[in-house]
Structure formats: structure tokens, C-alpha cells
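Below is one structure, written out as C-alpha cells; comments come after it.
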Amino acid sequence: MWQQTQLTLSAKPRGFHLVTDEIVNQLESMNNIRVGLLHLFIKHSSASLTLNENADPTVRSDMEAHFNHFVPEGAPYYQHTYEGADDMPAHIKASLLGSSVTIPITNGQLNIGIWQGIYLGEHRNHAGARQIIATMQGE
Amino acid sequence: MWQQTQLTLSAKPRGFHLVTDEIVNQLESMNNIRVGLLHLFIKHSSASLTLNENADPTVRSDMEAHFNHFVPEGAPYYQHTYEGADDMPAHIKASLLGSSVTIPITNGQLNIGIWQGIYLGEHRNHAGARQIIATMQGE
Amino acid sequence: MWQQTQLTLSAKPRGFHLVTDEIVNQLESMNNIRVGLLHLFIKHSSASLTLNENADPTVRSDMEAHFNHFVPEGAPYYQHTYEGADDMPAHIKASLLGSSVTIPITNGQLNIGIWQGIYLGEHRNHAGARQIIATMQGE
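Residue numbers (my numbering), protein chains in the order written: chain A, 24 to 162; chain B, 24 to 162; chain C, 24 to 162.
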């Protein structure tokens, strides 16, 4: 069984956002999969998907602070500057964190840890909605 | 053909550990797959899975040294501090390195380079055993 | 439907390289897949695969500059130095960026954003050709 859907994540401010529910609510047919995998792919090079802690919001704000510190705006070695000071750091963060996640499905649900959730890393200051290709397969 | 198993990796000290054998020894049915994929997913947000060099142990200790240097404990911008100084860096490392790896299977074996192995990144000082969901599919 | 092929990427200088066409041109049977996934795996621990912006070459050179700055050669904590000053940083970059990418296939083509492409991160100074295992599945 294969199912592929294009999902839209609503526009969000720069930072890390817990989007597990926003994604799962758009994937009702996951219920039909006993064993399988969900692949989520973001069709943008200035935002990212990753798994991390789903409970304390300061984990997300600390991650944003850390990535801003170690992938700085205005580094003297940047040449790609004409799309704004946030653009080149956004590209670097996108590759550090990754453009897709693959998650096991068991008995119709994501088989993740109780403290895990799906994060959208929004790395631009003024981005619009983000497009995700969700591919589910299993039996 | 789909097979999904929950594996346990024994508790390990903080650092990077070569776990190829510990994982493969728990996946005997891989022998039956001519062409396929193995997906390994760690159900924790303070440990990670990655592929790297399988020979010289100093690659693992140098990686630990590097990540400790560039994802420091006690950064002035951390707010998530109540779970210990090692916790917030562990979350950041988990997202930098990733919570899953996908590896091709060919003729019943992992089709990785002769110098490649699977690393567990254990980012907490005193973690317990770690749970992995191994999902194999193929024909 | 499963198909697995070993691809060769020609030897390239150190840096980030857009390799979408070099890969897709070796995967003609992708045309037969209506819905599926392409998994690309690099059989080396000193090079990486990632998705990023496919248009402006300075994005690639800025990424190289950034990774050289934050994963430096000659760090005082490196012990794995006998394979050259570029080797240990290459291993760290390989794990930061990742050894594989998984990309949705829709109607016989990669379903990526119009500004996205596949990058090879070549992290050694004088590497040879790089081997990729391409695994396609779908229906």
C-alpha cells in the first residue's frame, strides 16, 4: 500500500515549531497501516524537518538560539547576501537539520518515543506556508 | 516483505559507539532480503544514529570532542537547564546528527562501504538502554 | 517494484556540488514509478549527500566556507590526524550532513521544490570517484 499526499503547513514565524498534530491530522489513512513507514519531505531549501523533544517549549527556543549563534547572519565569508541576511544561514541550517524525516508506523500510529515530536525548522524571517510531500507505505 | 522489530541497545557511556554488530545480530531475517532497505529509528531525543568510519576509535573520540566544543554545555542562551547541563546540548546534537538512518540491503546484507559502520551517539552522561525500531522491507 | 543500482559520481574537488542531473540520468527506470521513493546512499564516510538550493553557485561556496570555519582543520582536540588535516573534519561533516537522502517520486520524476537540488558534499582534498547505492521503490 502506497499513499502520497501534499500537505501544507501554515506560515509560521522564524524558529522551531512542534508540528506533529498538524501533520498527523492530515494523514487519516495512516490508521490502515499495521507496519510501515511515513516519509515527510519539505520542498524548500530554507526550512527543515527534524525530531526532538515535544514537551518543554524552551527546548525549541534554545535550539533557535543555538543555531543562530553557530550559523550566524552576516558572516564575513558569505557571498550569497542579496536575498537578505537570514537567507544564507537558512540554507546552511536546512542542510544541517535535513529536508526529510522517516518515521516508523505501527498499528496505525507513529511509533515514536513519548517525548518525541516532529519539528518544523522555519529559518526565514518572513516565510509563507510550507509544502510537505507525505509518502506512506506499509501493509 | 515487511518486518518491524523493537531492538534494545545496552546502556553506554556518553560518546559515539560503533553498534553495527549489536544491531545486525538482532536482525537475522535480513538474510531473506535480496533487495531492500533497513530503517533504524531511535525513540529518544537525546541520542542519535549516524554512519561513519568503523576502524579507528579516535574518530569516535574526536567526534565527541568536536560536538562538545561546538554544542557547549552551559551556553548563556540556554533556558532549558533543569534536566542537567548535558540535556540541552544532547537535544541539539540529536537533531544535528539525526534520529534515524536508512541503509540499503543487498543479497541479505547491509550494502555499506568497507570503512562504514553504524554509530550510536549517546549524548547524556548517565543514560539507560536505548530503544530502536528497526523496519526492514524488500523482496 | 524495487530497483537497486550502484552509481558512480565522477571525482570532484573539495566542496559542494550540484549532482541532480548526474544522478537522475543514471536512473531511467524512474519513469515507470507513479508513486514511490528514491533512496540514495553514499558508501563513504568522508563525503555526504544533502538537498539544497539549485540556482546560485555562491550558496555552495558559502556552505563550504561555513563548514570549513565551524569544523576546522587542525583543532587541538583531534587525535585522528594520520590521514591528513582534511580527514577528521571530513568525517565530522559527513555525519553533520548525512550519508543518505530519501526523495519522493511522483509520476516518474523527483518531487522536489523548483529551487531544490541534490548536493554531493566532497570533504576530502583529493578524493576519487564516489559510489552511490540508489534504491527505488514504488508502484
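Think of the CB as a built atom: it goes at the ideal place given N, C-alpha and C, for glycine as much as any other residue.
{"query": "Report yes if the C-beta distance between Gly140/B and Thr43/B is below 8 Å; otherwise report no.", "result": "yes"}
{"query": "Kindly indicate which three-state DSSP category Ser84/C falls into: helix, strand or coil?", "result": "helix"}
{"query": "Would you mind stating whether Ile128/A and Leu61/A have Cβ atoms separated by less than 8 Å?", "result": "yes"}
{"query": "Helix, strand or coil: how does DSSP classify Pro127/C here?", "result": "strand"}
{"query": "Runs of 3 residues minimum, wholly inside the region 92–151 of chain B: which ones carry the beta strand (DSSP E) assignment?", "result": "123–129 and 139–145"}
{"query": "Identify whether Val58/B lies in helix, strand or coil by the three-state DSSP scheme.", "result": "strand"}
{"query": "Name the one or two DSSP bridge partners that Leu30/A has.", "result": "Ile155/A"}
{"query": "Using the beta-carbon count (16 or more within 10 Å), is Pro112/C buried or exposed?", "result": "buried"}
{"query": "Quick one: list the residues of chain B neighbouring Tyr100/C, beta-carbon separation under 8 Å, in chain order.", "result": "Asp85, Ala88, His89 and His92"}
{"query": "Return the first residue and the last residue of the alpha helix (DSSP H) that Glu45/C is part of.", "result": "Thr43 to Val47"}
{"query": "Could you work out which residue in Pro80/C, Ala78/C, Arg83/C and His114/C is closest to Pro95/C when comparing CA atoms only?", "result": "His114/C"}
{"query": "So which of Ser69/A, Asn54/A and Gln154/A has the shortest CA-CA distance to Gln26/A?", "result": "Asn54/A"}
{"query": "So who's on the other strand from Ser68/B, going by DSSP bridges?", "result": "Ser68/B is not bridged to any residue."}
{"query": "Name, please, each residue of chain A whose Cβ falls closer than 8 Å to the Cβ of Pro127/C.", "result": "Gln27, His62, Phe64, Ile156 and Thr158"}
{"query": "Compare the Cα-Cα distances from Lys35/A to each of Ser123/A, Met159/A and Arg153/A and report the closest residue.", "result": "Arg153/A"}
{"query": "Please say whether Tyr142/B and Phe64/B have beta carbons closer to each other than 8 Å?", "result": "no"}
{"query": "I want to verify the contact list: residues of chain A whose CB lies under 8 Å from the CB of Val42/C, in sequence order.", "result": "Ordered by position in chain A, no residue passes the 8 Å Cβ test against Val42/C, which lies about 14 Å from the chain."}
{"query": "Which residue from Arg57/C, Pro80/C, Glu145/C and Gly131/C puts its Cα closest to that of Asn48/C?", "result": "Gly131/C"}
{"query": "Taking Cβ-Cβ distances shorter than 8 Å, what residues in chain B pair up with Ala117/C?", "result": "Leu74 and Asn75"}
{"query": "Could you tell me how far apart the beta carbons of Ala117/B and His89/B are, in whole angstroms, since I believe they sit closer than 8 Å?", "result": "Contact doesn't hold; Cβ gap of about 16 Å is too wide."}
{"query": "Please report how far the alpha carbon of Leu50/C lies from the alpha carbon of Gly151/B, in whole angstroms.", "result": "44 Å"}
{"query": "Give me the chain A residues within the contact set of Met111/B, using Cβ-Cβ distance strictly less than 9 Å, ordered along the chain.", "result": "Thr81, Val82, Asp85, Met86 and His89"}
{"query": "Counting only Cβ pairs nearer than 8 Å, list the residues of chain B close to His67/C.", "result": "Gly136, Trp138 and Gln139"}
{"query": "Name the DSSP beta bridge partners of Asn77/A, please?", "result": "DSSP, once it has assigned bridges, lists no residue as partnering Asn77/A."}
{"query": "What residues are listed by DSSP as bridge partners for Leu63/C?", "result": "Val124/C and Ala157/C"}
{"query": "Return no unless some Cβ of chain C is closer than 8 Å to the Cβ of Glu145/B.", "result": "no"}
{"query": "If you count every other CB in all the chains shown that lies within 10 Å of the CB of Arg83/A, and 16 or more means buried, which is it?", "result": "buried"}
{"query": "Around the C-beta of Tyr101/A, are 16 or more other C-beta atoms found within 10 angstroms, so that it is buried, or is it exposed?", "result": "buried"}
{"query": "Do we get a CB-CB distance below 8 Å when we pair Gly121/C with the residues of chain B?", "result": "yes"}
{"query": "Quick one, which of Met24/A, Leu119/A and Glu76/A has its alpha-carbon nearest Gly59/C's?", "result": "Met24/A"}
{"query": "With distances taken Cα to Cα, identify the nearest neighbour of Gly161/B among Ser52/B, Ser33/B and Phe93/B.", "result": "Ser52/B"}
{"query": "Alpha carbon to alpha carbon, how far is Leu119/B from Ala78/B? Give it in angstroms, no decimals.", "result": "23 Å"}
{"query": "Residues of chain B with CB under 8 Å from His114/C, in chain order?", "result": "Asn75, Glu76, Val82, Asp85 and Met86"}
{"query": "Give the C-beta separation of Thr125/C and Thr125/A to the nearest angstrom, bearing in mind that I take them to be a contact with Cβ-Cβ under 8 Å.", "result": "6 Å"}
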